[in-house]
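Undergrad: Handing you a structure now.
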Amino acid sequence: KNEVEQSPQNLTAQEGEFITINCSYSVGISALHWLQQHPGGGIVSLFMLSSGKKKHGRLIATINIQEKHSSLHITASHPRDSAVYICAVEGVQGAQKLVFGQGTRLTINP
Amino acid sequence: DTAVSQTPKYLVTQMGNDKSIKCEQNLGHDTMYWYKQDSKKFLKIMFSYNNKELIINETVPNRFSPKSPDKAHLNLHINSLELGDSAVYFCASSPTGVGGETQYFGPGTRLLVL
């Protein structure tokens, strides 16, 4: 079992729908990252958070440290949001070492 | 303008060959990383360097040897390539590598070993 589990693995929705992607982890962490991998392969960092909630445009990320759980929400989804979304966690000590979830493939249909 | 660049983008080679992938960042960051993304799209860290010093060395075969000539460059040399080395290799950098920082990824190098 991976230290970081994401659900769902695949998600298909219609344009405009509210999207939620979940990430659960089993180890103590100092921070959690949400990344986006475009169909072309490039990886972009969306959020880094260690508590509470962050918002950037239509994207919202939340984390509950006690429950070891984070969610990524997309409001008013658009076909250009179609990508793989990856959750990654950093351990509590030492150098920044990311442990990744398996990713969630999101497809938004027009 | 590119923050983190990798060369080459694509690499097709025969089993047993030796190849190198280069990475450069112009962000002034102290820490650089190599990640491997397998055929199932699962990412895993291989190495990290802070200011030319090896910080993280995961359980990677000895055939993989990173080299950092200066803090803006981190190259990956692979000896005696095997079929299982086929993957996408991503370079990344972060300001200090201490933790709680955004990492900036290169475009990836797709390696295919035949």
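Residue numbers (the working numbering), protein chains in the order written: chain A, 1 to 110; chain B, 1001 to 1114. From the three backbone atoms N, C-alpha and C, an ideal C-beta is built for every residue, glycine too.
1. I believe B/L1114 touches B/V1004 by the beta-carbon criterion, under 8 Å. Please report the beta-carbon distance rounded to the nearest angstrom.
2. Determine the extent of the beta strand (DSSP E) in which A/I65 is found, giving its start and end residues.
3. Below 8 Å between beta carbons: does that hold for B/N1079 and B/D1018?
4. In angstroms with no decimal places, state the Cα-to-Cα distance between B/K1044 and A/Q14.
5. Residues of chain B with CB under 8 Å from A/G42, in chain order?
6. Using three-state DSSP, classify B/D1085 as helix, strand or coil.
7. Which partner residues does A/V89 have in the DSSP bridge list?
8. Shortest alpha-carbon distance to A/G28 belongs to which of A/V44, A/N22, A/I65, A/N2?
9. Going by beta carbon distance, what residues of the same chain come within less than 8 Å of A/E3, once the five residues before and after it are set aside?
10. Please tell me whether B/V1098 has its Cβ less than 8 Å away from any Cβ of chain A.
11. If contacts are defined as beta-carbon pairs under 8 Å, then B/G1108 and B/V1088 qualify, I think. What distance do you get, rounded to the angstrom?
12. Residues in the region 62 to 78 of chain A with C-beta within 9 Å of chain B's C-beta atoms, listed in sequence order?
13. What residue from B/G1097, B/E1101, B/F1090 has the CA that sits closest to B/Y1010's CA?
14. Could you give the distance in angstroms between the alpha-carbon of A/G91 and the alpha-carbon of B/Y1049?
15. Under the assumption that B/L1054 contacts B/S1086 (Cβ atoms under 8 Å), give the Cβ distance between them as a whole number of angstroms.
16. Less than 8 Å between the C-beta atoms of A/Q96 and B/E1058, yes or no?
17. I'd like the ranges of any beta strand (DSSP E) spanning at least 3 consecutive residues and lying wholly in the region 1021 to 1057 of chain B.
18. Span of the beta strand (DSSP E) holding B/P1069?
19. Check whether the Cβ of B/E1053 lies closer than 8 Å to any Cβ atom in chain A.
20. I'd like to know whether the C-beta atoms of A/Q102 and A/Q6 end up nearer to each other than 8 Å.
21. Measuring alpha carbon to alpha carbon, tell me which residue in B/A1072, B/A1092, B/K1022 is nearest B/G1028.
22. Quickly, what does DSSP pair A/L49 with across the bridge? List them, please.
23. Please confirm if A/K53 has its CB atom under 8 Å from at least one CB of chain B.
TA: In this structure, then:
1. Looking up residue 1114 of chain B in the second sequence gives position 114. Looking up residue 1004 of chain B in the second sequence gives position 4. The C-beta distance from B/L1114 to B/V1004 rounds to 28 Å, too long to fall under 8 Å, and the pair is not in contact.
2. Position 65 of the first sequence, counted from the first residue, corresponds to residue 65 of chain A. No beta strand (DSSP E) holds A/I65; DSSP gives it neither H nor E.
3. The count along the second sequence starts at 1 and reaches residue 1079 of chain B at position 79. The count along the second sequence starts at 1 and reaches residue 1018 of chain B at position 18. In this structure, B/N1079 sits near B/D1018, with a CB-CB distance shorter than 8 Å.
4. Reading the second sequence from its first residue, position 44 is the one you call residue 1044 of chain B. Reading the first sequence from its first residue, position 14 is the one you call residue 14 of chain A. Inter-residue distance for B/K1044 and A/Q14 is about 32 Å (C-alpha atoms, whole angstroms).
5. In the first sequence, counting from the first residue as 1, residue 42 of chain A sits at position 42. Under the 8 Å cutoff, chain B gives F1105, P1107, G1108.
6. Position 85 of the second sequence, counted from the start, is the residue given in the question as residue 1085 of chain B. If DSSP states are grouped into helix, strand and coil, B/D1085 belongs with the helices.
7. The residue given as residue 89 of chain A occupies position 89 in the first sequence. Residue pairing by DSSP places A/V89 opposite A/L32, A/V99 in a beta bridge.
8. Residue numbering aside, residue 28 of chain A sits at position 28 when the first sequence is read from its first letter. When C-alpha distances from A/G28 are compared across A/V44, A/N22, A/I65, A/N2, the shortest belongs to A/I65.
9. By 1-based counting over the first sequence, the position of residue 3 of chain A is 3. Closer than 8 Å at the Cβ level, and outside the excluded window around A/E3, lie Y25, S26, V27, V89, V99.
10. Taking the first residue of the second sequence as position 1, residue 1098 of chain B is located at position 98. Yes, contact with chain A.
11. The sequence position of residue 1108 of chain B within the second sequence is 108, counting from 1. The sequence position of residue 1088 of chain B within the second sequence is 88, counting from 1. 5 Å between Cβ atoms; contact.
12. So nothing in the stretch comes that close.
13. Here residue 1010 of chain B is taken as the residue at index 10 of the second sequence, counted from 1. Out of B/G1097, B/E1101, B/F1090, B/F1090 has the C-alpha closest to the C-alpha of B/Y1010.
14. As a first step, residue 91 of chain A is located in the first sequence; it is residue number 91 there, counting from the start. As a first step, residue 1049 of chain B is located in the second sequence; it is residue number 49 there, counting from the start. Across the structure, A/G91 and B/Y1049 are spaced so that their CA atoms are roughly 17 Å apart.
15. Taking the second sequence and counting its residues from 1, one reaches residue 1054 of chain B at position 54. Taking the second sequence and counting its residues from 1, one reaches residue 1086 of chain B at position 86. Contact flag wrong, Cβ pair sits at about 25 Å.
16. Along the first sequence, one-based indexing puts residue 96 of chain A at 96. Along the second sequence, one-based indexing puts residue 1058 of chain B at 58. No.
17. Whole beta strand (DSSP E) segments, 3+ residues: 1031 to 1037, 1043 to 1050, 1053 to 1057.
18. Your numbering for residue 1069 of chain B matches position 69 in the second sequence. 1064 to 1070 is the extent of the beta strand (DSSP E) around B/P1069.
19. The residue given as residue 1053 of chain B occupies position 53 in the second sequence. Not one chain A Cβ lies under 8 Å of B/E1053.
20. Indexing the first sequence from 1 puts residue 102 of chain A at position 102. Indexing the first sequence from 1 puts residue 6 of chain A at position 6. Closer than 8 Å, so yes.
21. The residue labelled residue 1028 of chain B in the question sits at position 28 within the second sequence. Nearest C-alpha to B/G1028 among B/A1072, B/A1092, B/K1022: B/A1072.
22. For this step, residue 49 of chain A is matched to residue 49 along the first sequence. BP columns for A/L49 point to A/L32.
23. Taking the first sequence and counting its residues from 1, the one referred to as residue 53 of chain A is at position 53. Taking Cβ atoms only, chain B never reaches closer than 8 Å to A/K53, which makes this a no.
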